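>
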Amino acid sequence: MSLNTVKKSFHSKHAHDFVGNSAHNERKVLAVFWLTLITMVAEIVVGTWSGSMGLLADGWHMGTHAAAFALAMFTYSYARKHRNDDSFSFGTGKVNYLGGFASAIALAMVALYMAVESIERLINPQSIHYLSAITVAIVGLVVNIISVLILHDGHEHDLESHHHDHNLKAAYYHVLADALTSILAIFALLAGRYLNWLWMDAVIGIVGSIIIARWAYVLLGDTGRVLLDRNVTGVNPTEIKRQLECDNGLVVNDLHIWTIAEHHNAVILSVTAGKSSSVAKIKENIRALIPNLSHITIEVEARVPAVLGDT
1 MSLNTVKKSF
11 HSKHAHDFVG
21 NSAHNERKVL
31 AVFWLTLITM
41 VAEIVVGTWS
51 GSMGLLADGW
61 HMGTHAAAFA
71 LAMFTYSYAR
81 KHRNDDSFSF
91 GTGKVNYLGG
101 FASAIALAMV
111 ALYMAVESIE
121 RLINPQSIHY
131 LSAITVAIVG
141 LVVNIISVLI
151 LHDGHEHDLE
161 SHHHDHNLKA
171 AYYHVLADAL
181 TSILAIFALL
191 AGRYLNWLWM
201 DAVIGIVGSI
211 IIARWAYVLL
221 GDTGRVLLDR
231 NVTGVNPTEI
241 KRQLECDNGL
251 VVNDLHIWTI
261 AEHHNAVILS
271 VTAGKSSSVA
281 KIKENIRALI
291 PNLSHITIEV
301 EARVPAVLGD
311 T
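Mapping the sequence shown onto full-length UniProt numbering, position 109 (from 1) lands on 109, and the numbers just tick up by one.
1) With a 10 Å radius around its C-beta and 16 neighbouring C-beta atoms as the bar for buried, classify A273 as buried or exposed.
2) Which class does I298 belong to by DSSP, given the choice of helix, strand or coil?
3) Between F69, G224 and L107, which has its C-alpha nearest A171's C-alpha?
4) Closest to S209 by CA distance: which of L227, A177 and W197 is it?
5) Beta-carbon separation of A185 and S50 under 8 Å?
6) Once DSSP output is grouped into helix, strand and coil, what is the label at S52?
7) Between L112, L189 and K169, which has its C-alpha nearest I150's C-alpha?
8) Between the Cα of D58 and those of R230, V226, V279 and G205, spot the shortest distance and give me the residue it belongs to.
9) Please classify V6: does DSSP put it in a helix, a strand, or coil?
10) For the pair the segment 216 to 234 and the segment 71 to 83, tell me if three or more CB-CB distances fall below 8 Å.
11) Using the three-state DSSP reduction, which class does L289 fall into: helix, strand or coil?
12) Tell me whether T75 is buried or exposed, calling it buried when 16 or more other Cβ atoms sit within 10 Å of its Cβ.
13) What is the DSSP secondary structure of A306, counted as helix, strand or coil?
14) What's the call for V116, buried or exposed, on a 16-neighbour Cβ count within 10 Å?
15) Can you list, in chain order, the stretches of the alpha helix (DSSP H) that have 4 or more residues and sit fully within the segment 209 to 238?
16) So the candidates are G192, W197, S103 and V175; which of them puts its Cα closest to the Cα of V218?
17) Looking at C-alpha atoms only, which residue of L269, H263 and C246 is the closest neighbour of I256?
18) Note down the Cα distance separating T297 from V32, rounded to an integer number of angstroms.
19) I believe I290 touches V267 by the beta-carbon criterion, under 8 Å. Please report the beta-carbon distance rounded to the nearest angstrom.
20) Using only the alpha-carbon positions, how far apart do K28 and H174 sit?
21) What separation, rounded to the nearest whole angstrom, lies between the Cα atoms of A216 and N248?
22) Do you know how far the Cα of D254 is from the Cα of T181?
23) I need the straight-line Cα distance from R242 to N236, nearest angstrom please.
24) Quick check on this structure: which residue in L56, Y194 and T36 has the alpha carbon closest to the alpha carbon of V45?
25) Count the other CB atoms, across all protein chains shown, that sit within 10 Å of the CB of Y194; report buried if there are 16 or more and exposed otherwise.
26) Does the distance from the C-beta atom of V300 to that of V279 stay below 8 Å?
27) Taking the alpha carbon of I128 as the point to measure from, which residue in G47, I260 and S147 has its own alpha carbon closest?
28) Using the three-state DSSP reduction, which class does I128 fall into: helix, strand or coil?
29) Would S43 be called buried (16 or more neighbouring beta carbons within 10 Å of its own) or exposed?
30) Using 8 Å as the threshold, is the C-beta distance between A66 and M40 below it?
31) So, at 8 Å on beta carbons, what are the nonlocal neighbours of V203 in its own chain, with the 5 sequence-adjacent residues on each side left out?
32) Note down the Cα distance separating T92 from W258, rounded to an integer number of angstroms.
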């Protein structure tokens, strides 16, 4: 004897606004952006004039971070402006990831350019005006230290409040990486001037390009994963399916888990429910299994209609 199948969907009703109040962090990023931009221009100009690839590498590296800060500010502004725009089905949380993906492509191009230029300088060394180059490199390091201090307070505040601002965290670590690159440039210039290691400047330029390329690779992976709606990192759909079926007496027909914004995940679940199944229990279980869950849609295919009323 065949039984009729009944379907019903249950959706957690809520606004798709995942944008918090970020005005304080925006001001910090803006201040660091202008500091970085001014220093970048100075290092590139003096690096070109003095012939220092280490200084040029540091300047272009700071340029990539200035671009990242600009994208962060655009993200804050765009996400806030469109936070209640219904044309964005899951809000504007992915704007940050799209900007990061574009920044990663630009970073990869800069890394390639710096590697080619440094190798050419290694093969055909050029004279370097060490005093001017060292002076500007030290200025760049000082600017990086100031930037770290500006961003550090906001970063620590986020950690204490258990709220993680993706843009601020990225900016904070970018500045730390920039400071490291500045130190490498200064070391190369000092080695060239006092030890006559002319090759060191080009080698540091290559090291700088590798650092930039590595950052670009990681950023492409992190942002591309979210833009392509890959499963949430650290979440095993097969294990979740097994636990849901075991704990709720149902069959999972379809399961989709993805990220819709920084620290906001979503799930769409289709199940065939039995007599002991409860939609409320399913929701409770799935929230325990998937971190930072902000959006749930459950489709229940029930052979026992009574289960549909249990929301």
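Glycine included, every Cβ here is placed at the ideal spot set by N, Cα and C. The structure presented is a predicted model; accordingly, all values stated were derived computationally and were not measured.
The structure says:
1) buried
2) strand
3) F69
4) A177
5) no
6) coil
7) K169
8) G205
9) With a pLDDT of 46 at V6, under the threshold of 50, the modelled position of this residue cannot be trusted, and the question is left open.
10) no
11) helix
12) buried
13) Bear in mind that a pLDDT of 48 at A306, under 50, signals an unreliable position, so the model cannot answer this.
14) exposed
15) none
16) S103
17) In the sequence as displayed, the identity of residue 256 is His instead of Ile. Of the candidates L269, H263 and C246, the one whose C-alpha sits nearest the C-alpha of H256 is L269.
18) 41 Å
19) 6 Å
20) 14 Å
21) 44 Å
22) 48 Å
23) 10 Å
24) L56
25) exposed
26) yes
27) G47
28) coil
29) For clarity, residue 43 is Glu in the given sequence; the question names Ser instead. When all chains shown are included, E43 counts as buried.
30) yes
31) S118, L122 and A188
32) 15 Å
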